[in-house]
Each structure stands twice: as structure tokens, then as C-alpha cells.
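Chains as they are written, first to last, in my numbering: chain D, 78 to 351; chain R, 297 to 575.
One structure below.
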Amino acid sequence: MDKLKRAFVYIFLSVAAFISIFPFLWMIISATNKSADVTKGRLLPGSQLMDNIKNLFTTVDIVPALMNSAKISVSTTVLAMVIASLAGYGFEIYRSKAKDVVFTILLLSMMIPFAAIMVPLYQMFAGVSRAIPFIGLDTLSGVVLPTFTTAFLIFFFRQNTKMFPRELLEAGRIDGLSEISLFFRIYMPTMKTTYAAAGIITFMSSWNNYLWPLIVLQSPEKKTIPMLISNLGSSYTPDYGIIMTAIVISTIPTALVFFLMQKHFVAGMTGSVK
Amino acid sequence: MFIILAVVMIAAFYFYPMIQALLLSFKSGKGMNLSYVGFDNYVRLFSDKTFLTAVKNTFIYLIIQVPIMIVLAMFISVLLNDSKLKFRGLFRTAIFLPAVTSLVAYSIIFKYLFATDGLVNKLLMNVHLITNPIQWITDPFWAKITIIIAITWRWTGYNMIFYLSALQNIDHSIYEAAKIDGASSTRQFFGITIPLLKPIILFTSITSTIGTLQLFDEVVNITKGGPGNASMSISQYIYNLSFKYTSDFGYAATVSYSIVIMIVILAIVQFKAAGDKNG
Numbered sequence: 078m079d080k081l082k083r084a085f086v087y088i089f090l091s092v093a094a095f096i097s098i099f100p101f102l103w104m105i106i107s108a109t110n111k112s113a114d115v116t117k118g119r120l121l122p123g124s125q126l127m128d129n130i131k132n133l134f135t136t137v138d139i140v141p142a143l144m145n146s147a148k149i150s151v152s153t154t155v156l157a158m159v160i161a162s163l164a165g166y167g168f169e170i171y172r173s174k175a176k177d178v179v180f181t182i183l184l185l186s187m188m189i190p191f192a193a194i195m196v197p198l199y200q201m202f203a204g205v206s207r208a209i210p211f212i213g214l215d216t217l218s219g220v221v222l223p224t225f226t227t228a229f230l231i232f233f234f235r236q237n238t239k240m241f242p243r244e245l246l247e248a249g250r251i252d253g254l255s256e257i258s259l260f261f262r263i264y265m266p267t268m269k270t271t272y273a274a275a276g277i278i279t280f281m282s283s284w285n286n287y288l289w290p291l292i293v294l295q296s297p298e299k300k301t302i303p304m305l306i307s308n309l310g311s312s313y314t315p316d317y318g319i320i321m322t323a324i325v326i327s328t329i330p331t332a333l334v335f336f337l338m339q340k341h342f343v344a345g346m347t348g349s350v351k
Numbered sequence: 297m298f299i300i301l302a303v304v305m306i307a308a309f310y311f312y313p314m315i316q317a318l319l320l321s322f323k324s325g326k327g328m329n330l331s332y333v334g335f336d337n338y339v340r341l342f343s344d345k346t347f348l349t350a351v352k353n354t355f356i357y358l359i360i361q362v363p364i365m366i367v368l369a370m371f372i373s374v375l376l377n378d379s380k381l382k383f384r385g386l387f388r389t390a391i392f393l394p395a396v397t398s399l400v401a402y403s404i405i406f407k408y409l410f411a412t413d414g415l416v417n418k419l420l421m422n423v424h425l426i427t428n429p430i431q432w433i434t435d436p437f438w439a440k441i442t443i444i445i446a447i448t449w450r451w452t453g454y455n456m457i458f459y460l461s462a463l464q465n466i467d468h469s470i471y472e473a474a475k476i477d478g479a480s481s482t483r484q485f486f487g488i489t490i491p492l493l494k495p496i497i498l499f500t501s502i503t504s505t506i507g508t509l510q511l512f513d514e515v516v517n518i519t520k521g522g523p524g525n526a527s528m529s530i531s532q533y534i535y536n537l538s539f540k541y542t543s544d545f546g547y548a549a550t551v552s553y554s555i556v557i558m559i560v561i562l563a564i565v566q567f568k569a570a571g572d573k574n575g
């Protein structure tokens with residue numbers, strides 16, 4: 078391998094990595110600076126972090142927003158894991174012609190853009206509101222309900238199930254386990270990596286979801302974190318220090334989930350494209 | 297048994313609304329008072345300047361951004377797949393990092409970075425690439441460029457992970473054999489890597505196409521669709537029609553069906569272009 082090529086590879090990757098990281102660095106640095114310094118383009122850490130945090134918590138309802146986002150993302154992730162893995166397992170282990178057709182139809186839902194169904198969904202939930210108020214408009218369950226089942230996740234679990242050693246199921250059957258306990262006692266513990274990867278993807282997209290909560294939730298105290306940040310960002314007299322601090326805080330959960338589970342994530346993804 | 301819940305949920309929250317949207321698209325009126333108008337809404341599309349601008353913008357994003365991103369993601373992943381490369385994990389994590397940010401959060405950051413008195417302009421002026429600040433957000437042309445840069449930043453690493461995963465599944469002996477036959481690394485790339493990556497290329501290009509056609513968070517938070525409607529996306533227009541102006545759910549549903557039709561057409565084109573029915 079000639080040296081010039083090597084050098085080019087390293088320089089290229091370093092530049093790409095730098096561009097990827099720079100907005101993060103700037104966001105963190107800005108969270109420690111005064112609003113005026115952020116506008117001036119100061120690139121050195123300041124001493125304003127504690128003040129920014131204090132101002133953020135006293136002037137903005139960030140705690141309720143964080144709580145709302147947490148409730149939504151955690152329940153979405155838990156429900157999504159159960160439903161999608163049951164389905165992925167069911168489709169792969171008990172294969173039949175009819176099921177393959179159903180699976181193909183489910184996959185078609187991946188082509189349906191959210192924009193195409195948001196108006197009818199809104200009307201559905203408006204209708205439900207009159208009958209069952211706690212799952213209709215302006216409720217957190219209204220946000221969760223249409224988002225936790227995705228064809229992508231079912232597909233993901235099905236792909237990974239292809240590698241699942243079926244002999245384990247046979248062994249379980251001989252031991253007298255029912256089909257459903259085979260799933261919970263043998264399949265689930267074996268597929269930890271797949272669950273981890275799927276969990277990361279679901280948690281992140283749920284935590285970061287903006288459009289559907291924006292439509293469903295109306296009262297200010299039900300705002301989620303992306304809605305809050307969007308409002309801060311479009312205000313006429315923005316305090317950049319506070320906004321940056323809010324963005325840092327909102328990014329911590331997803332960044333943390335990713336870093337803690339990175340190994341599982343890459344392993345799980347590798348399984349899905351086999 | 298195992299699949300019933302999932303099937304019911306997807307039917308209720310994807311397919312049922314799709315049918316409802318189709319029915320809605322033949323109705324028109326204000327708020328909840330809708331009456332049947334036949335194909336009027338579909339005719340209206342073609343004389344609706346805002347709609348045509350939104351479609352044009354969305355296609356500009358699509359045609360420029362998706363190919364750039366996919367080539368970039370593939371290129372980076374091939375470089376990172378080299379086992380002799382040092383700091384692979386570090387590079388991979390750094391380049392994937394943008395994918396953990398929320399679309400809203402990164403949009404706000406980009407809005408400030410690309411402000412007229414923002415950091416990007418200051419940087420470019422300091423290295424004397426430009427003499428006057430670029431109106432990234434307020435000029436119709438640059439507003440679109442800003443959106444394209446932003447999406448590329450956010451999604452390249454995400455797509456890279458798919459390519460990396462696929463590359464790791466390619467048997468090394470194929471390359472060994474090619475090397476013995478004297479194939480250069482460029483030849484190996486076009487002769488082995490690309491054909492084997494075809495399914496993933498198809499997958500990422502279709503998901504990116506669908507993603508771009510649904511673009512919402514970025515335009516709303518970086519440029520608000522402006523200046524004028526110069527960067528407005530179709531999704532944003534649907535949102536405005538439904539929830540911002542006096543709502544006309546029927547017409548909004550018609551506009552949303554235009555996205556469905558575009559996605560179907562583009563997906564078919566991409567399948568054909570890949571020339572692989574098993575995609």
C-alpha cells in the first residue's frame with residue numbers, strides 16, 4: 078500500500094469525523110457561554126453553564142417536557158419490543174404461504190409516508206376523544222398508540238430470527254414448554270443483542286419524534302422536548318446560551334443510550350442484513 | 297397467534313388511515329364540514345403555485361442530496377472496513393454521532409451556525425473563501441443548500457452503518473482471489489463490492505427517498521419554509537393546510553396522496569434501475 082493513499086484515507090476520515098463532531102462541540106461550548114458570546118462565535122468554554130442551567134429550569138418548563146418525552150419513549154420502546162419480536166418470531170418460526178403474503182403486505186406499510194396519514198389519524202383520534210378521553214387528542218397515550226408498531230421493526234426481528242438456533246426450541250418442547258413460554262423463556266433471553274439494537278432505534282426515534290406529538294398534543298404542559306426546543310428556537314428574543322443548554326440536555330438520553338449499548342447495536346445491525 | 301397484534305395495529309394505524317385519506321381526498325370544505333367534490337382537489341393541485349413550488353423544492357433536495365449522501369456513505373464505509381486502519385472505532389463512532397441527535401435539535405443548531413453573522417460565514421471569511429457573508433437562510437438559493445447540507449450531515453453516518461454491516465458479511469476470500477488475479481482496488485470496488493452491496497444500495501436509496509419526500513422538521517426549524525416558499529417541503533405544506541391556515545382536510549389529503557404516488561413511482565424506478573427482482 079503506498080503511503081500517499083494511506084495519508085489521504087486518514088485525512089479524509091479525520092475531516093469527515095471533525096465535521097460530524099463539530100456541531101456537537103459547538104453546542105456544548107455554547108451551553109457554557111453567555112448569549113452574546115454565542116452570537117459573537119466564541120469557541121472557548123465559558124463559565125456560564127451553571128447560570129444557563131439555572132435560567133433554563135426557572136424560565137422554561139423543561140422538567141415536565143422531559144418527563145413527557147420519557148414517558149412516551151419508554152412506553153413506546155417496551156410495547157414496540159414485545160409486539161415486533163412476537164410478530165418477527167411468529168412469521169419466521171411458523172412459516173406458511175399465507176403468512177408470507179401477510180408479511181409482504183405489512184412491509185408495504187413502510188412505503189406509506191406519515192404525511193399521507195396524519196390527517197385521517199388526527200380525525201380518528203379526535204373521534205376517539207369523544208368516546209374514550211384518555212387515549213384521544215391531547216393525551217400521551219394518543220402519541221404512543223399509532224407509533225409503536227412498525228413494519229421495519231417486525232422485519233428487523235424476522236431477519237435476526239433467521240439466525241436463531243431452532244434446536245433450542247425442540248429441546249424446550251421436549252421439556253414440555255408451551256409455544257408461548259418457548260418464546261418468553263428461550264427466544265427472548267437468547268436474542269438480547271437484537272433487542273438491544275431494536276430498542277436503541279425505537280427509543281431514539283420516539284424521543285426525537287416531532288410531527289405527530291405536535292399534532293396530537295395541544296396543552297402547553299403536555300409538550301415534549303422537541304416541541305419545547307422548537308419553540309425556544311423560533312422565539313423573537315432568543316437566549317442562545319439557554320437554548321444550547323436545553324439542546325444539550327435533550328441530546329443526553331439518546332447519546333447515553335447509544336454509547337452504553339454501542340457494541341450490541343453494531344452486532345444487532347450486522348445480523349439484520351445477513 | 298404471535299402475529300395478530302402486529303397485524304391489527306398496522307392495519308388500524310397505517311392501512312385504515314390510507315383508505316380514509318383516499319376518501320377524504322375527494323372531499324373539500326373548512327374544518328370538519330366536508331362535502332364530496334369528486335376530482336376537483338386533484339385538478340386544483342396543478343394550478344396551486346405553492347404546491348408546485350413545494351414539489352419542485354422536494355425534488356431538488358432529492359436529486360442532489362440522496363446521491364451525494366449514498367456515495368459518501370459507501371465511500372466512508374469502504375475506507376472504514378479496512379482491518380489495517382487505525383482508530384476505526386473512533387472514526388465510526390464520530391461519523392455516526394449525528395444520527396443520535398433529534399431532527400429538531402440539530403436543525404436549531406444549523407440555523408445558528410448558518411446565520412448571516414453565524415460561525416460558518418465567519419470561518420469562510422477568515423480563510424478568505426468569501427468576502428461577504430452568504431445569506432444562507434434568507435436567500436432562496438442558499439436556503440435550499442443549507443437544508444441539503446444539514447440533511448447530509450444528519451443521515452450519512454446512519455446510512456454508513458448499513459453499508460458497514462453489509463461489508464462485514466462479504467467473504468474475504470473473494471478479494472484474496474481477485475488480488476491473485478491482479479485486480480486493482482478500484483477494479484475490486486466496482487467488480488465485487490458494488491454488485492454485492494446492491495440490495496443495501498437499493499434499501500438505503502428507497503428509505504432515503506421516502507425520508508426526503510417526508511421532510512418536515514428541518515425546513516420548519518431552519519428556514520420555516522422561507523424565504524417566501526423557497527424551501528418549503530410537501531409535508532410542511534400538508535401540515536399548513538391542515539393545522540395552520542383555515543384547515544381544509546380534504547385538499548390536504550389530496551396533496552398527501554401526491555406523495556404516495558411519487559413514492560410508488562420512484563420505488564419502481566429504483567427497483568428497475570437496480571435490475572434485481574429479489575432486491
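Where is the CB? At the ideal position from N, CA and C, for every residue including glycine.
Every value quoted in this text rests on a predicted model; they were computed, and no experiment measured them.
Spatial neighbours of residue i within its chain, please: CB distance less than 7 Å, with the 5 preceding and 5 following residues excluded, ordered by chain position.
i              : result
S321 (chain R) : N337, G546, A549, T550 and Y553
A317 (chain R) : A549, S552 and Y553
L291 (chain D) : M304
L184 (chain D) : A228 and F232
E169 (chain D) : R235, T238 and K239
F347 (chain R) : L341, Y533 and V551
Does any CB atom of chain D fall closer than 7 Å to the CB of residue i?
i              : result
K418 (chain R) : yes
Q566 (chain R) : no
L393 (chain R) : yes
Q361 (chain R) : no
A369 (chain R) : no
S538 (chain R) : yes
S273 (chain R) : With chain R represented from 297 up to 575, any question about residue 273 (chain R) goes unanswered, as that position is not in the structure.
Y310 (chain R) : yes
Q316 (chain R) : yes
M305 (chain R) : yes
Q510 (chain R) : yes
H435 (chain R) : The amino acid at residue 435 (chain R) is misidentified as His; the sequence shows Asp. No, D435 (chain R) does not count as interfacial toward chain D.
Near residue i, what residues of its chain come up, given a Cβ to Cβ distance below 8 Å and the 5 sequence neighbours on each side ignored?
i              : result
S436 (chain R) : Looking at the sequence provided, one finds Pro at residue 436 (chain R) rather than Ser. If we look at P436 (chain R) and ignore the five residues flanking it on each side, its Cβ neighbours are P523, G524, A526 and S527.
I366 (chain R) : N455, I497, T500, S501 and S504
A474 (chain R) : R483, Q484, G487 and I488
S331 (chain R) : K323, S324 and G325
P210 (chain D) : T216
Q566 (chain R) : L498, S501, I502 and T505
V325 (chain D) : M104, I105 and A108
F392 (chain R) : G453, Y454, M456 and I457
Y471 (chain R) : Q484 and I488
For chain R, is any of its Cβ atoms less than 7 Å away from the one on residue i?
i              : result
F234 (chain D) : no
A94 (chain D)  : yes
L259 (chain D) : no
S206 (chain D) : no
Y264 (chain D) : no
G249 (chain D) : no
L308 (chain D) : Looking at the sequence shown, residue 308 (chain D) is not Leu but Asn. Taking Cβ atoms only, chain R never reaches closer than 7 Å to N308 (chain D), which makes this a no.
V86 (chain D)  : yes
I319 (chain D) : no
By Cβ distance, which residues of its chain are closer than 6 Å to residue i, with the 5 residues on each side in sequence left out?
i              : result
I555 (chain R) : L509 and I530
L415 (chain R) : L409
T226 (chain D) : I160
Nearest CA to the CA of residue i: which residue from the options?
i              : options                           : result
F355 (chain R) : R:A569, R:F567, R:L562 and R:K568 : R:L562
L358 (chain R) : R:T442, R:V400 and R:G507         : R:G507
K380 (chain R) : D:W284, D:F336 and D:V86          : D:V86
S311 (chain D) : R:L319, R:F335 and R:A401         : R:A401
N308 (chain D) : R:I404, R:Y533, R:L492 and R:I444 : R:I404
A323 (chain D) : D:K80, D:A161 and D:I130          : D:I130
P363 (chain R) : R:L319, R:K382 and R:I444         : R:I444
K494 (chain R) : R:Y312, R:T519 and R:F458         : R:F458
T271 (chain D) : D:F342, D:L214 and D:F261         : D:F342
L492 (chain R) : R:E472, R:S481 and R:A462         : R:A462
W284 (chain D) : D:R262, D:V334, D:T238 and D:A274 : D:V334
L375 (chain R) : D:R83, D:D177, D:A157 and D:Y264  : D:R83
Y535 (chain R) : D:T314, D:D316, D:I319 and D:Y287 : D:Y287
Which whole runs of the alpha helix (DSSP H) in the stretch 333-368 of chain R are 4 residues long or more, in chain order?
-> 336-341
Closer than 9 Å, Cβ to Cβ, to anything on chain R: give me those residues from the stretch 113-127 of chain D, in chain order.
-> V115, T116, K117, G118 and L120
Residue ranges of each alpha helix (DSSP H) within the stretch 108-183 of chain D, 4 or longer | 112-117, 126-136 and 139-170
Quick one: which unbroken alpha helix (DSSP H) runs of 4-plus residues sit fully inside the stretch 199-225 of chain D? Chain order, please.
-> 217-221
Starting from the N-terminal side, write out each stretch of the alpha helix (DSSP H) that is 4 residues or longer and does not extend beyond the stretch 307-349 of chain D.
-> 317-337 and 339-349
Mind listing which residues of the stretch 166-180 of chain D have their C-beta closer than 9 Å to chain R's C-betas, in chain order?
-> Y166, G167, F168, I170, Y171, K176, V179 and F180
Please list the segments of the alpha helix (DSSP H) lying wholly inside the stretch 435-517 of chain R, counting only runs of 4 or more residues, in order along the chain.
-> 436-464, 468-476, 481-484 and 490-509
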